[in-house]
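In the working numbering, each residue's number is its place in the sequence shown (first place is 1) plus 25.
Using N, Cα and C, we set each Cβ at its ideal position, and we do this for glycine too.
To start, the structure itself, in C-alpha coordinates.
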Amino acid sequence: MKKIFKNSVDATLTSLKILKTGLIASILILAFSTVLVSANGDDKDKNQDVLAFTSLLNGGQEVPETDSNAFGVVFMTLEQDVGILYYSITYTDDKLVGTETATHFHAPASPDETAPVVFTVSPDVSPVGSPKNGSVGPLTNKQINYLKKGLFYLNIHSSAFPEGEIRGQVIPVSKVRYNNDDNSNDNSNDNDNSNGNDNDNDNDNTNNNNNGDYNAE
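Structural data, given as C-alpha coordinates:
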(Lines of atoms letter the chains of each structure in order from A; the text may use other names.)
(Lines give C-alpha, C1' and ligand atoms only; values in the text may rest on other atoms or scores of the structure.)
Protein backbone atom coordinates (compact mmCIF):
# COMPACT_ATOMS: atom_id res chain seq x y z
CA MET A 26 0.00 0.00 0.00
CA LYS A 27 2.83 2.41 0.87
CA LYS A 28 4.51 1.68 -2.46
CA ILE A 29 1.28 2.32 -4.39
CA PHE A 30 0.76 5.60 -2.51
CA LYS A 31 4.36 6.67 -3.17
CA ASN A 32 4.02 5.90 -6.88
CA SER A 33 0.80 7.90 -7.00
CA VAL A 34 2.44 10.88 -5.30
CA ASP A 35 5.45 10.68 -7.63
CA ALA A 36 3.17 10.59 -10.66
CA THR A 37 1.21 13.60 -9.39
CA LEU A 38 4.38 15.60 -8.76
CA THR A 39 5.66 14.75 -12.22
CA SER A 40 2.36 15.88 -13.76
CA LEU A 41 2.52 19.16 -11.85
CA LYS A 42 6.06 19.74 -13.08
CA ILE A 43 4.92 19.13 -16.66
CA LEU A 44 1.97 21.51 -16.27
CA LYS A 45 4.20 24.19 -14.78
CA THR A 46 6.72 23.76 -17.58
CA GLY A 47 3.95 23.89 -20.16
CA LEU A 48 2.55 27.12 -18.71
CA ILE A 49 5.97 28.74 -18.73
CA ALA A 50 6.47 27.57 -22.30
CA SER A 51 3.16 29.09 -23.41
CA ILE A 52 4.13 32.44 -21.89
CA LEU A 53 7.52 32.26 -23.57
CA ILE A 54 5.89 31.42 -26.91
CA LEU A 55 3.85 34.59 -26.87
CA ALA A 56 6.81 36.68 -25.71
CA PHE A 57 9.11 35.12 -28.30
CA SER A 58 6.55 35.69 -31.06
CA THR A 59 6.18 39.34 -30.07
CA VAL A 60 9.95 39.82 -30.07
CA LEU A 61 10.23 38.32 -33.55
CA VAL A 62 7.53 40.62 -34.89
CA SER A 63 8.90 43.70 -33.12
CA ALA A 64 12.36 43.01 -34.51
CA ASN A 65 10.93 43.39 -38.00
CA GLY A 66 8.63 46.26 -37.12
CA ASP A 67 10.76 48.92 -38.82
CA ASP A 68 10.71 47.07 -42.13
CA LYS A 69 7.44 48.44 -43.47
CA ASP A 70 7.81 46.62 -46.80
CA LYS A 71 8.07 43.16 -45.28
CA ASN A 72 4.94 41.23 -44.38
CA GLN A 73 5.34 39.38 -41.12
CA ASP A 74 3.18 36.41 -40.26
CA VAL A 75 4.44 34.47 -37.24
CA LEU A 76 2.69 31.38 -35.95
CA ALA A 77 3.42 29.89 -32.52
CA PHE A 78 3.35 26.22 -31.50
CA THR A 79 4.08 24.13 -28.43
CA SER A 80 4.60 20.49 -27.51
CA LEU A 81 4.92 18.48 -24.30
CA LEU A 82 7.19 15.44 -24.56
CA ASN A 83 6.80 12.13 -22.73
CA GLY A 84 6.96 8.39 -23.27
CA GLY A 85 3.20 7.98 -23.18
CA GLN A 86 2.87 9.65 -26.58
CA GLU A 87 5.25 7.24 -28.30
CA VAL A 88 3.71 4.65 -30.64
CA PRO A 89 3.98 2.21 -28.97
CA GLU A 90 4.29 3.81 -25.52
CA THR A 91 7.56 3.64 -23.57
CA ASP A 92 8.12 3.43 -19.81
CA SER A 93 10.51 6.40 -19.85
CA ASN A 94 10.28 8.87 -16.95
CA ALA A 95 11.81 11.64 -19.06
CA PHE A 96 9.66 14.57 -20.15
CA GLY A 97 10.15 17.89 -21.83
CA VAL A 98 8.63 20.97 -23.41
CA VAL A 99 9.11 22.61 -26.79
CA PHE A 100 8.09 26.00 -28.06
CA MET A 101 8.32 27.01 -31.68
CA THR A 102 7.58 29.96 -33.95
CA LEU A 103 7.13 29.78 -37.71
CA GLU A 104 7.90 32.73 -39.98
CA GLN A 105 5.32 31.72 -42.53
CA ASP A 106 6.48 33.99 -45.35
CA VAL A 107 9.92 32.34 -45.46
CA GLY A 108 8.98 28.95 -43.99
CA ILE A 109 11.55 28.94 -41.17
CA LEU A 110 10.62 27.11 -37.95
CA TYR A 111 12.47 28.29 -34.82
CA TYR A 112 12.51 25.95 -31.84
CA SER A 113 13.58 25.80 -28.21
CA ILE A 114 13.60 22.31 -26.69
CA THR A 115 14.15 21.52 -23.02
CA TYR A 116 13.86 18.03 -21.59
CA THR A 117 15.11 15.91 -18.69
CA ASP A 118 17.96 14.19 -20.50
CA ASP A 119 19.19 12.73 -17.20
CA LYS A 120 15.96 10.71 -16.95
CA LEU A 121 16.24 9.04 -20.36
CA VAL A 122 16.50 5.26 -20.17
CA GLY A 123 19.14 5.33 -22.90
CA THR A 124 21.36 8.06 -24.32
CA GLU A 125 19.97 10.38 -26.97
CA THR A 126 20.89 9.35 -30.50
CA ALA A 127 18.81 11.79 -32.56
CA THR A 128 15.95 14.28 -32.42
CA HIS A 129 13.61 14.71 -35.38
CA PHE A 130 10.46 16.43 -36.53
CA HIS A 131 8.13 13.91 -38.17
CA ALA A 132 5.04 14.47 -40.35
CA PRO A 133 2.26 13.96 -41.24
CA ALA A 134 0.76 11.97 -38.37
CA SER A 135 -2.03 12.16 -35.82
CA PRO A 136 -1.10 11.36 -32.18
CA ASP A 137 -1.67 7.61 -32.62
CA GLU A 138 0.31 7.34 -35.87
CA THR A 139 3.95 7.44 -36.95
CA ALA A 140 5.41 9.32 -39.90
CA PRO A 141 8.71 9.82 -41.75
CA VAL A 142 11.37 12.29 -40.64
CA VAL A 143 10.96 15.71 -42.24
CA PHE A 144 13.70 17.62 -40.35
CA THR A 145 16.63 16.49 -38.20
CA VAL A 146 17.31 18.62 -35.12
CA SER A 147 20.09 16.56 -33.52
CA PRO A 148 22.82 15.97 -34.33
CA ASP A 149 22.60 17.99 -37.58
CA VAL A 150 21.42 21.41 -36.32
CA SER A 151 21.65 21.24 -32.53
CA PRO A 152 23.95 19.11 -30.37
CA VAL A 153 22.70 16.06 -28.53
CA GLY A 154 21.40 16.91 -25.05
CA SER A 155 19.22 19.58 -23.48
CA PRO A 156 18.53 22.40 -24.17
CA LYS A 157 18.37 22.75 -27.96
CA ASN A 158 17.81 26.04 -29.76
CA GLY A 159 17.87 26.60 -33.48
CA SER A 160 15.82 26.53 -36.66
CA VAL A 161 14.90 24.21 -39.52
CA GLY A 162 13.51 24.86 -42.97
CA PRO A 163 12.41 26.18 -45.26
CA LEU A 164 9.14 24.28 -44.94
CA THR A 165 7.12 23.67 -48.09
CA ASN A 166 3.55 24.95 -48.22
CA LYS A 167 2.35 21.39 -47.73
CA GLN A 168 4.51 21.02 -44.59
CA ILE A 169 3.21 24.34 -43.26
CA ASN A 170 -0.33 23.04 -43.73
CA TYR A 171 0.57 19.86 -41.83
CA LEU A 172 2.03 22.00 -39.04
CA LYS A 173 -1.11 24.13 -38.79
CA LYS A 174 -3.28 21.01 -38.59
CA GLY A 175 -1.27 19.52 -35.70
CA LEU A 176 0.21 16.75 -37.84
CA PHE A 177 3.86 17.35 -36.83
CA TYR A 178 5.47 15.66 -33.84
CA LEU A 179 8.89 15.92 -32.22
CA ASN A 180 10.61 12.64 -31.40
CA ILE A 181 13.70 12.12 -29.23
CA HIS A 182 15.35 8.80 -30.04
CA SER A 183 17.67 6.98 -27.66
CA SER A 184 19.89 3.92 -27.53
CA ALA A 185 17.24 2.16 -25.43
CA PHE A 186 14.37 3.16 -27.74
CA PRO A 187 15.68 3.57 -31.31
CA GLU A 188 12.18 4.36 -32.62
CA GLY A 189 11.76 7.09 -30.01
CA GLU A 190 11.84 7.37 -26.21
CA ILE A 191 9.79 10.55 -25.71
CA ARG A 192 7.55 12.29 -28.18
CA GLY A 193 5.15 15.22 -28.36
CA GLN A 194 2.53 16.35 -30.86
CA VAL A 195 3.14 19.90 -32.10
CA ILE A 196 0.07 22.03 -31.34
CA PRO A 197 -0.73 25.50 -32.77
CA VAL A 198 -1.32 28.00 -29.96
CA SER A 199 -1.35 31.51 -31.41
CA LYS A 200 -0.76 33.74 -34.38
CA VAL A 201 1.04 37.10 -34.37
CA ARG A 202 0.64 39.06 -37.56
CA TYR A 203 2.53 42.17 -38.62
CA ASN A 204 0.90 44.11 -41.46
CA ASN A 205 1.38 47.42 -43.25
CA ASP A 206 -2.12 48.70 -44.11
CA ASP A 207 -4.50 50.74 -42.02
CA ASN A 208 -7.05 48.05 -42.80
CA SER A 209 -7.29 45.95 -39.64
CA ASN A 210 -9.40 43.20 -41.20
CA ASP A 211 -7.68 39.83 -41.10
CA ASN A 212 -8.68 38.33 -44.45
CA SER A 213 -6.22 35.47 -44.31
CA ASN A 214 -6.90 32.77 -46.90
CA ASP A 215 -4.51 30.03 -45.93
CA ASN A 216 -6.22 27.39 -48.08
CA ASP A 217 -4.97 24.71 -45.71
CA ASN A 218 -8.24 22.76 -46.01
CA SER A 219 -8.69 21.96 -42.34
CA ASN A 220 -11.03 19.13 -43.30
CA GLY A 221 -7.95 17.02 -43.99
CA ASN A 222 -7.23 17.70 -47.67
CA ASP A 223 -3.56 18.53 -48.11
CA ASN A 224 -3.79 20.77 -51.17
CA ASP A 225 -0.98 18.94 -52.97
CA ASN A 226 -0.36 21.79 -55.40
CA ASP A 227 1.16 23.68 -52.46
CA ASN A 228 -1.01 26.75 -52.96
CA ASP A 229 -0.82 28.41 -49.57
CA ASN A 230 -2.38 31.68 -50.63
CA THR A 231 -2.05 33.72 -47.45
CA ASN A 232 -3.18 37.32 -47.93
CA ASN A 233 -1.38 39.54 -45.42
CA ASN A 234 -3.46 42.73 -45.06
CA ASN A 235 -0.75 45.03 -43.83
CA ASN A 236 -1.44 46.76 -40.52
CA GLY A 237 1.06 48.86 -38.62
CA ASP A 238 0.48 46.81 -35.46
CA TYR A 239 0.68 43.17 -34.55
CA ASN A 240 -2.29 41.18 -33.32
CA ALA A 241 -2.03 38.03 -31.26
CA GLU A 242 -4.79 35.55 -32.04
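T165 and T126 have their C-alpha atoms spaced approximately 27 Å apart. As computed with DSSP, Q194 is found in a beta bridge with Y178. Going by C-alpha positions, A185 is about 23 Å away from A134. As summarised for the segment 100 to 185, the continuous alpha helix (DSSP H) elements at least 4 residues long and confined to that stretch are 166 to 173, given in chain order. Contact check for L110 and G162: beta-carbon distance about 5 Å, within the 8 Å limit, so the pair qualifies.
In chain order, V146, S147 and I181 place their CB closer than 6 Å to the CB of T128, counting only its own chain and leaving out the 5 sequence neighbours on each side. Straight-line spacing of the CA atoms in K157 and V75 works out to 20 Å. The C-beta separation of I169 from Q105 comes to about 6 Å, placing the pair in contact by the 8 Å criterion. Between E188 and G84 the beta-carbon gap is near 12 Å, outside 8 Å, which marks them as no contact. Under DSSP, G97 shares a beta bridge with L82 and Y116. When DSSP states are grouped into helix, strand and coil, V75 belongs to the strand group. For the 9 Å CB-CB criterion, F78 and V195 form a contact. In chain order, F100 and N158 place their CB closer than 6 Å to the CB of S113, counting only its own chain and leaving out the 5 sequence neighbours on each side.
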